[in-house]
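This report concerns only the one structure given below.
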Amino acid sequence: MQPLLVCDGLIAGYDRPVVGPVSFDLYAGEVVGLLGSNGAGKSTLLKSLTGQARIFDGRLTRARGLRMAHHRQQPVRPRECPLTGDDLVRLTGAGRRTPPDDVARLLDCRMDQLSGGQFQIVQIWACLGSPADLILLDEPTNNLDPEATAGLIRLIREGLGGRTLLVVSHESDFIQTVCSRVVPVSP
Amino acid sequence: MLELLLDPLFHLPFVTGLLLAPVAAMVGVYLRLRDEWLAALAYAQLAGAGGVVAVALHAPVMLGAVVAAGGLAVIKGLLTRPGNDHYVIFILVGWGVALVASAFSAHGDMVGKSLMDGQLYFTGRPHLMAAVALIVAGVLCLPWLSGCLLMSRFYPDHFSANGLSARPHQITFDLLVVATVAITTTSFGVMAAFALLFVPAWIAWRLARGWVWVLWLAAGIAVAAYLLSFVLAVVLDQPFGPVLVLVLAAMSLLRWLPMPVPGRR
Numbered sequence: 003m004q005p006l007l008v009c010d011g012l013i014a015g016y017d018r019p020v021v022g023p024v025s026f027d028l029y030a031g032e033v034v035g036l037l038g039s040n041g042a043g044k045s046t047l048l049k050s051l052t053g054q055a056r057i058f059d060g061r062l063t064r065a066r067g068l069r070m071a072h073h074r075q076q077p078v079r080p081r082e083c084p085l086t087g088d089d090l091v092r093l094t095g096a097g098r099r100t101p102p103d104d105v106a107r108l109l110d111c112r113m114d115q116l117s118g119g120q121f122q123i124v125q126i127w128a129c130l131g132s133p134a135d136l137i138l139l140d141e142p143t144n145n146l147d148p149e150a151t152a153g154l155i156r157l158i159r160e161g162l163g164g165r166t167l168l169v170v171s172h173e174s175d176f177i178q179t180v181c182s183r184v185v186p187v188s189p
Numbered sequence: 003m004l005e006l007l008l009d010p011l012f013h014l015p016f017v018t019g020l021l022l023a024p025v026a027a028m029v030g031v032y033l034r035l036r037d038e039w040l041a042a043l044a045y046a047q048l049a050g051a052g053g054v055v056a057v058a059l060h061a062p063v064m065l066g067a068v069v070a071a072g073g074l075a076v077i078k079g080l081l082t083r084p085g086n087d088h089y090v091i092f093i094l095v096g097w098g099v100a101l102v103a104s105a106f107s108a109h110g111d112m113v114g115k116s117l118m119d120g121q122l123y124f125t126g127r128p129h130l131m132a133a134v135a136l137i138v139a140g141v142l143c144l145p146w147l148s149g150c151l152l153m154s155r156f157y158p159d160h161f162s163a164n165g166l167s168a169r170p171h172q173i174t175f176d177l178l179v180v181a182t183v184a185i186t187t188t189s190f191g192v193m194a195a196f197a198l199l200f201v202p203a204w205i206a207w208r209l210a211r212g213w214v215w216v217l218w219l220a221a222g223i224a225v226a227a228y229l230l231s232f233v234l235a236v237v238l239d240q241p242f243g244p245v246l247v248l249v250l251a252a253m254s255l256l257r258w259l260p261m262p263v264p265g266r267r
């Protein structure tokens with residue numbers, strides 16, 4: 003089986019290198035976690051996969067036609083925003099799938115009327131429900147209490163539908179629970 | 003009063019304005035989405051300056067407005083992160099150039115004054131044709147453009163992550179803004195064009211729940227303000243631009259209505 007993505011000795015950063023060298027392969031249907039301390043460069047590594055950070059050295063190979071969705075560590079959320087959760091999930095193509103009840107009850111609200119945790123859940127579903135082949139989740143447990151984190155784990159398990167997930171988190175327990183494989187990341 | 007309103011002299015300007023007002027408001031919604039609301043004034047001010055400079059060069063006013071607004075779009079594209087600070091400089095340059103250029107001839111002075119005053123009644127058939135063309139272009143490209151602009155705003159790395167270029171939709175939007183502002187400015191005047199781009203979107207942003215409703219509400223507010231202003235300006239024999247600005251300023255109080263409650267659309 004051909005990998006969806008190959009990172010071979012990847013060194014990434016902005017003005018200067020921040021993370022790497024990192025090497026890993028991603029295969030269809032895998033849930034892989036990138037685990038590292040704060041400042042290890044996990045988010046920068048994800049941004050290098052989406053073209054938002056510079057690759058200084060190493061090789062990044064993507065499968066032909068690979069579609070990606072990226073849930074950023076700090077998703078864009080204007081202070082005043084009339085878009086509803088429904089608008090957001092329609093935008094990414096997640097509107098074609100039936101959302102779990104935890105998500106469905108939030109979709110009618112304006113984004114600026116959701117709490118931080120509710121907004122996080124809607125954003126994650128917008129990525130998970132999209133038709134992307136590879137979904138990148140950057141610190142998805144941000145703003146979530148333990149109950150919401152349990153809901154997020156259910157959401158990932160039920161919403162992934164055999165696609166590939168790359169998760170960044172500094173929470174080891176969460177990574178160990180949802181991921182089938184863990185890649186350590188250090189600066 | 004009714005006789006005055008139904009005067010054939012006003013038919014063409016009335017229809018032109020009625021077509022332009024909702025288009026300008028909808029474009030204003032997308033400028034707000036991109037945090038570029040001050041760009042609306044910069045575009046309007048430079049379009050006005052371009053119109054006055056065109057008179058000095060014996061060229062059509064609307065052509066000058068389009069070229070000047072287009073110049074701003076090009077400069078904006080070259081700046082990697084144009085912020086509102088940049089737009090302030092463009093506003094000041096536009097204001098200064100308009101006043102200096104208008105001093106060169108009596109005709110330039112008249113055009114400059116009409117662009118500042120906002121005299122809708124001087125619009126002619128070219129404005130109407132341009133407004134119709136603008137609506138056709140908007141209707142054709144908005145379904146595609148809207149999705150791209152929203153994705154760019156809320157998922158900034160969607161395009162680079164999927165090997166797609168963001169340039170086509172960025173350039174198309176800039177062209178749409180340039181055309182809208184140039185035609186609206188030469189029809190309504192600088193400040194009235196800015197007010198149409200800014201105020202309806204600002205009110206709708208606060209009150210609407212859902213993206214489609216923002217667009218419809220902004221367009222509805224613009225049409226209501228336009229109709230009221232047209233009647234007031236004719237009846238009170240006042241320049242149209244300032245009346246529209248004052249009506250929109252009064253309507254901005256609508257922002258203080260309660261926000262929509264989830265579950266009640």
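As you go down the protein sequences, you meet chains A and B in turn.
Everything in the first sequence is counted per this note's numbering, starting at 3 for the first residue and increasing by one.
Everything in the second sequence is counted per this note's numbering, starting at 3 for the first residue and increasing by one.
Built from N, CA and C at the ideal position, the CB exists for glycine as well.
Task: Touching by the beta-carbon criterion (3+ pairs, under 8 angstroms), the region 218 to 231 of chain B and the region 26 to 33 of chain B - done: yes
- [ ] Would you kindly work out how many angstroms separate the C-alpha atoms of residue 266 of chain B and residue 107 of chain A, rounded to a whole number?
- [x] Reliability fails at residue 266 of chain B, whose pLDDT of 45 lies under 50, so the model's placement of it is uncertain and the value that follows must be treated cautiously. Rounded to whole angstroms, residue 266 of chain B and residue 107 of chain A show a C-alpha spacing of 13 angstroms.
TODO: Pair every Cβ in the region 85 to 104 of chain A with every Cβ in the region 175 to 191 of chain B, then say whether three or more of these pairs are closer than 8 angstroms.
DONE: no
- [ ] Using the Cα positions of residue 104 of chain A and residue 46 of chain B, report the straight-line distance between them to the nearest angstrom.
- [x] Straight-line spacing of the CA atoms in residue 104 of chain A and residue 46 of chain B works out to 46 angstroms.
Open item on the list: Since residue 170 of chain A and residue 146 of chain A should fall inside the 8 angstroms C-beta cutoff, what is the C-beta to C-beta distance between them, to a whole number of angstroms?
Closed with: Actually they are not in contact, since the Cβ atoms of residue 170 of chain A and residue 146 of chain A sit about 15 angstroms apart, beyond 8 angstroms.
TODO: Report yes or no: do three or more beta-carbon pairs, one from the region 133 to 149 of chain B and one from the region 190 to 202 of chain B, lie closer than 8 angstroms?
DONE: No, because fewer than three Cβ pairs between the region 133 to 149 of chain B and the region 190 to 202 of chain B fall closer than 8 angstroms, the two stretches do not touch.
- [ ] Name the residue from A:7, A:21, A:39 and A:4 whose alpha carbon lies nearest to the alpha carbon of residue 173 of chain A.
- [x] Scanning A:7, A:21, A:39 and A:4 for the CA closest to the CA of residue 173 of chain A turns up A:39.
Task: CA nearest to the CA of residue 19 of chain A, picked from A:49, A:155 and A:30 - done: Here the closest residue by C-alpha is A:49.
Open item on the list: On the DSSP bridge list, what partners appear for residue 186 of chain A?
Closed with: A:37
Task: Amino acids of chain B, ordered along the chain, whose beta-carbon sits closer than 7 angstroms to that of residue 82 of chain A - done: 207 and 208
TODO: Determine which residues of the region 137 to 169 of chain B have a Cβ less than 9 angstroms from any Cβ of chain A, and write them out in chain order.
DONE: 149, 152, 153, 155, 156, 157, 158, 159, 160, 161, 162, 163, 164 and 165
TODO: Put residue 112 of chain A into one of helix, strand or coil per three-state DSSP.
DONE: strand
- [ ] Would you list, in chain order, the members of the region 135 to 151 of chain A that have their beta-carbon closer than 7 angstroms to a beta-carbon of chain B?
- [x] none
Open item on the list: Please state whether the Cβ-Cβ distance between residue 207 of chain B and residue 34 of chain B is less than 8 angstroms.
Closed with: yes
Task: Contacting residues, own chain, Cβ-Cβ under 6 angstroms from residue 100 of chain B (five flanking each side not counted) - done: Short of 6 angstroms from the beta carbon of residue 100 of chain B, and not among the five residues preceding or following it, lie these beta carbons of its own chain, in chain order: 50, 51, 54 and 114.
Task: Proximity winner among A:52, A:162 and A:47, relative to residue 165 of chain B (alpha-carbon distances) - done: A:52
Open item on the list: Which runs of the beta strand (DSSP E) at least 3 residues long sit entirely within the region 32 to 87 of chain A? Give them in chain order.
Closed with: 33 to 37, 56 to 64 and 70 to 73
Task: Span of the alpha helix (DSSP H), counted from its first residue to its last, around residue 18 of chain B - done: 13 to 35
Open item on the list: Considering only the alpha carbon of each residue, which of B:213, B:233 and B:257 lies closest to residue 9 of chain B?
Closed with: It is B:233 whose Cα lies nearest to the Cα of residue 9 of chain B.
Open item on the list: Can you list, in chain order, the residues of its chain with a C-beta nearer than 6 angstroms to that of residue 231 of chain B? Leave out the 5 residues immediately preceding and following it.
Closed with: 245, 246 and 249
- [ ] Examine chain C for any beta-carbon lying closer than 8 angstroms to the beta-carbon of residue 59 of chain A, and answer yes or no.
- [x] Absent from the structure is chain C; the protein chains it does hold are A and B.
Open item on the list: Measuring only the C-alpha atoms, how far is residue 260 of chain B from residue 209 of chain B?
Closed with: 8 angstroms
TODO: Please list, in chain order, all residues of the same chain as residue 112 of chain A whose beta carbon is under 8 angstroms from its beta carbon, the five residues on each side excluded.
DONE: 83, 84, 85 and 86, listed in sequence order.
Open item on the list: Checking 8 angstroms against the spacing of the C-beta atoms, do residue 68 of chain B and residue 181 of chain B come in under that value?
Closed with: yes
- [ ] Using 7 angstroms as the cut-off, classify the Cβ of residue 210 of chain B as near or not near the heavy atoms of the ligand MG, replying yes or no.
- [x] As far as ligands go, the structure on display features none, and thus does not contain the ligand MG.
TODO: Compute the beta-carbon to beta-carbon distance between residue 17 of chain B and residue 178 of chain B, rounded to the nearest angstrom, for a pair I have assumed lies under 8 angstroms.
DONE: About 21 angstroms separates the two Cβ atoms, so there is no contact after all.
- [ ] Starting from residue 128 of chain B, trace the alpha helix (DSSP H) both ways and give me its first and last residue.
- [x] 127 to 156
Open item on the list: Counting only Cβ pairs nearer than 9 angstroms, list the residues of chain A close to residue 216 of chain B.
Closed with: Per Cβ cutoff of 9 angstroms: 84 and 85.
Task: Minimum C-alpha distance to residue 69 of chain A - residue among A:59, A:33, A:166 and A:55 - done: A:166
Task: Distance CB(residue 72 of chain A)-CB(residue 126 of chain A) smaller than 8 angstroms - done: no
TODO: Could you pull the start and end residues of the alpha helix (DSSP H) that residue 132 of chain A belongs to?
DONE: For residue 132 of chain A, no alpha helix (DSSP H) encloses it, and the DSSP letter there is neither H nor E.
Open item on the list: Tell me the rounded alpha-carbon separation between residue 186 of chain A and residue 37 of chain A.
Closed with: Going by the C-alpha atoms only, they are around 5 angstroms apart.
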